[in-house]
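Residue numbers (the working numbering): 403 to 652. Below is one structure, written out as structure tokens; the observations come after it.
Okay, structure coming up:
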């Protein structure tokens, strides 16, 4: 209730009376009504408002985004007297909050996995802005209606997305093939290593004989007789058979 244009009291629903105008007047405010403001479009997402919907991301890409904000009044006095156009304040606060959040996010995050996080962060930031200006408004919900690249580059963006999907598919197919082939190859490889270790004592000269050869110009011969190596020309050399037994060479 206003008396001579000045606020005097706040009344609740029910029968009330006040002095006739111009002595007193009453401003009736519906505090239970859910109001909606649209950013980036009007009435339908096809009716876009480019100056509101086009935003720049952190990786310097432009996206076309439309969203709606629902709000209620939590303080009628602040709503009526602290701001001349409180509903416009909601529109401006919403656009400011979304632009700030989108400007700190990458294009892929906004278009794909980050939609839910963006709406939550936008609602929180909007409420902080509105409370700072004492608008008496409480934001109840923020809904992202649409987010996509601008129409002028939509075809190129679709091609890029398709290429990324093809790359991931080929990567997964290659990984699946590797998971199938590598375990099969490890068995034969291990068997060959074991066979090589078993064959090694049959063909490699023992360490004492090798020490004799280091820095030496002695002529020697080695021949395989049956399952035994015979070394001649090296004093003290040994010959080994397949069973691992060593014999001194006379």
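Ideal Cβ positions, reconstructed from N, Cα and C, are used throughout, including at glycine.
Quick one, are the C-beta atoms of residue i and residue j less than 8 angstroms apart?
i           : j           : result
residue 465 : residue 528 : no
residue 531 : residue 580 : no
residue 472 : residue 442 : no
residue 505 : residue 459 : yes
residue 525 : residue 541 : yes
residue 456 : residue 551 : no
residue 547 : residue 470 : yes
residue 502 : residue 454 : no
Find the nearest neighbour of residue i within the set the options, judged by alpha-carbon distance.
i           : options               : result
residue 422 : 404, 415 and 434      : 404
residue 549 : 512, 594 and 567      : 512
residue 439 : 585, 545, 584 and 598 : 545
residue 431 : 565, 477 and 583      : 477
residue 424 : 408, 434, 436 and 418 : 408
residue 435 : 475, 584 and 599      : 475
residue 433 : 598, 451, 450 and 479 : 479
residue 493 : 574, 462 and 437      : 437
residue 452 : 495, 554 and 591      : 554
For residue i, name the three-state secondary structure that DSSP assigns.
i           : result
residue 545 : strand
residue 447 : strand
residue 550 : strand
residue 466 : strand
residue 607 : Reliability of the predicted coordinates at residue 607 is poor, the pLDDT of 48 falling under 50, and the value obtained from them is presented with this limitation in mind. Looking at residue 607 - three-state DSSP - the assignment turns out to be coil, as it is neither helix nor strand.
residue 619 : Only weak support is given to the placement of residue 619: the predicted model assigns it a pLDDT of 49, under 50, and the value that follows is read from those uncertain coordinates. Coil, per DSSP.
residue 484 : coil
residue 473 : strand
residue 521 : helix
residue 408 : strand
residue 438 : strand
residue 507 : coil
residue 425 : coil
Could you name the residues of the same chain whose beta carbon sits closer than 8 angstroms to that of residue i, not counting the 5 residues immediately before and after it, in chain order?
i           : result
residue 521 : 469, 544, 545 and 546
residue 507 : 459, 460, 516 and 520
residue 594 : none
Excluding the 5 residues preceding and the 5 following residue i in the sequence, name in chain order all residues of the same chain whose CB lies nearer than 7 angstroms to its CB.
i           : result
residue 514 : none
Under 6 angstroms Cβ to Cβ from residue i, same chain only, skipping five residues before and after it: list those, please.
i           : result
residue 481 : 475, 488 and 538
Indicate whether the contact test is met: 3 or more Cβ pairs, each with one atom in the segment 475-491 and one in the segment 533-540, closer than 8 angstroms.
yes
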